[in-house]
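Have a look at the structure below, then the notes.
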Amino acid sequence: MTTTMFIHNISQLWTPQGFQASRGAAMREVRKITNACILVRNGALAWVGSMDELSQAHQAPAHPLHAIASEAFAAPAFDAAGRCCVPGFVDSHTHFVFAGWREDEFFWRAEGLPYMELHRRGGGIQNSVRATRAASEEELVELGRKRIRTMLAHGITTAECKSGYGLDRDTELRQLRAIRKLAEEEPVTIVPTFLGAHSIPPEFAGRPRAYLEFLAAEVLPAVRAEGLARFVDIFCEKGVFELEDTRWYLEQAKAMGFALKLHADEIAPLGGAGLAASLGAVSADHLLKASDEDIAAMAAAGTIAGLLPLTAFSLREPYARARAFLDAGCAVALASDLNPGSCYSQSVPLIFALAVLYLGMGIEEALTALTLNGAASLGLADRVGTLEPGKYADFVLLDAPSPGHLAYHVGMNLVSSVWKQGCMVWHA
Ligand code: NIG
Ligand code: FE
């Protein structure tokens with residue numbers, strides 16, 4: 003990247019700070035700058051601060067910021083015209099590469115059919131598996147590309163994407179290769195996660211351990227050899243992969259050098275959150291039914307709590323107890339969980355509104371959760387998630403006087419333009 007650019011006339015710039023996850027009460031500490039400006043050098047942030055300070059520095063040769071000011075005022079300029087600015091959002095939990103749709107299930111659930119009942123009847127995830135097995139790599143790439151562009155339009159500049167709709171060696175690898183292709187071609191940083199342990203495929207019906215043994219012996223080594231995933235995830239749930247199977251499998255993955263994530267305590271209170279903490283997982287996600295003890299264990303272990311309010315909304319389940327996680331000193335991340343079944347939404351503004359209205363989070367906490375802590379949950383907090391010198395110049399300009407409008411305009415997309423490594427990659 004060779005982009006150098008000076009963005010000025012930003013009414014308000016809000017950013018968390020730091021190069022690792024922000025925990026508990028610290029999540030409220032957001033730097034707020036009025037009349038802000040940003041100097042981008044070679045796609046990275048060279049300086050972020052107030053225009054008044056920069057103007058003063060420009061006039062005073064002895065000022066420590068004098069050189070920065072001279073560089074800024076000589077660079078190509080972009081007038082933000084009074085818009086406000088936040089870091090590019092980091093969606094740290096998604097399943098956006100899949101084929102087929104499951105709209106029927108949405109209406110069945112609306113009539114009261116439980117999500118897990120669909121799975122027991124051979125529907126649910128298995129329906130997406132049938133369609134994804136039948137899709138070519140090129141088809142998966144094009145399906146994913148449409149969804150990544152919608153994410154971008156919502157200000158998402160970094161996203162995780164999980165496999166898990168193949169449940170056999172070839173389709174899982176094909177999904178991961180499609181994710182890698184999108185990472186190469188689209189202006190979004192994409193982090194791949196291997197979720198072969200998403201459900202038990204028909205070939206292994208009733209034999210979860212045998213399926214996990216197959217994954218550990220035949221698929222994980224191939225994923226590692228091709229460098230196709232950084233994280234290994236599992237759907238730890240009653241009737242799918244229960245605690246002991248989950249522990250065994252994640253220990254294998256860890257020994258092979260993968261970092262760990264879990265879908266934990268979503269429907270039944272199994273104790274997956276405590277297991278995540280004891281394994282040193284980077285994050286445990288969903289957590290609708292996590293116990294107080296397990297929340298304390300996650301805080302002590304530094305395991306990030308990935309909360310997915312759009313999924314609770316779509317499944318009509320009680321929301322995760324965000325305050326309990328925050329009060330215990332946990333780092334909380336918020337993400338979309340975009341997937342064909344339990345939650346088809348990329349709506350960043352709805353995440354903000356639900357977080358504030360139903361999870362009891364402050365707007366600063368929610369912002370930290372969707373930026374810095376999302377980045378930490380993907381092992382990228384040294385590069386993205388805040389607007390600080392050295393990090394990627396990934397930011398969003400919002401058509402609003404202040405970032406508080408992100409939640410206040412319920413479910414309304416306020417994004418005016420999206421910048422990735424200093425380049426405008428989307429605008430309204
Ligand atoms: O995170 N709960 C398991 N996995 C996904 C849903 C997958 C699906 O229904 O396709 C989730 O909610
Ligand atoms: Fe998920």
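Heads up: take any position in the sequence shown, counting from 1, add 2, and you land on my numbering. Glycine included, every Cβ here is placed at the ideal spot set by N, Cα and C. The structure presented is a predicted model; accordingly, all values stated were derived computationally and were not measured.
Using a Cβ distance threshold of 8 Å, A303 and A279 count as a contacting pair.
Non-local C-beta neighbours of S130 in its own chain, meaning closer than 6 Å and more than five positions away in sequence, comprise F100, G102, Y167, P342, ordered along the chain.
With a threshold of 7 Å, the Cβ atom of N129 does not count as near the ligand FE, since no heavy atom of the ligand is closer than that.
Shown here, F216 sits in a helix according to DSSP, grouped into three states. DSSP, reduced to helix, strand and coil, places A79 within a strand of the structure shown. If you look at W428, you'll find it in the beta strand (DSSP E) that goes 425–429. A Cβ-Cβ distance of about 5 Å is found for the pair L389 and P89, placing them in contact under the 8 Å criterion. Under the three-state reduction of DSSP output, G146 falls in the helix class. Between S293 and I306, the C-beta gap is not smaller than 8 Å, which leaves the two residues out of contact. Secondary structure at W103: coil, using DSSP grouped into helix, strand and coil.
Around the C-beta of P403, fewer than 16 other C-beta atoms lie within 10 Å, and the residue is accordingly described as exposed. Here the C-alpha atom of P405 lies approximately 33 Å from the C-alpha atom of I269.
DSSP places I9 inside the beta strand (DSSP E), whose first and last residues are 7–17. By the neighbour-count definition (other C-beta atoms within 10 Å, threshold 16), F237 is a buried residue. The closest heavy atom of the ligand NIG lies 7 Å or more from the beta carbon of G125.
Taken atom to atom, the span from the alpha-carbon of L352 to that of N44 is near 33 Å. Nearest to M414 by alpha-carbon distance, out of D329, H65, E174, L356, is L356. Between the alpha carbons of T159 and A48 lies a distance of about 19 Å. If you draw a straight line from the Cα of L120 to the Cα of L15, it is about 45 Å long.
Beta-bridge analysis with DSSP links H288 to A266.
In this structure, the C-beta of F237 approaches the ligand NIG to less than 7 Å from one of its heavy atoms. Taken through DSSP and simplified to helix, strand or coil, S419 comes out as strand.
Nearest in C-alpha terms to F327, of all of A27, E239, F397, V417, is A27. Here the C-alpha atom of R135 lies approximately 38 Å from the C-alpha atom of A395. Residue selection by CB proximity (closer than 6 Å to any heavy atom of the ligand FE) returns H95, H97, H265, D339, N341 in chain order. The alpha carbon of E174 has as its nearest neighbour, out of G241, H65, F216, the alpha carbon of F216. As the crow flies, the alpha-carbon of F108 is around 49 Å from that of P78.
When distances are taken from the beta-carbon of S344 to the heavy atoms of the ligand NIG, the shortest one is below 7 Å. Sorting L41, M426, D296 by C-alpha distance to the C-alpha of H10 places L41 at the top.
Contact annotation: R209 and D247 have beta-carbon atoms that are not nearer than 8 Å. Contact between C332 and T5 fails: their C-beta atoms lie close to 36 Å from each other, not under 8 Å. Using a 10 angstroms sphere on the CB of A76, the tally of other CB atoms stays under 16, which defines it as exposed. Taking the C-beta atoms as reference points, L178 is found nearer than 8 Å to F196. In the DSSP assignment, A161 is bridged to D93, I192. In its chain, beyond the 5 residues on either side, L41 have a beta carbon closer than 7 Å to the beta carbon of E73.
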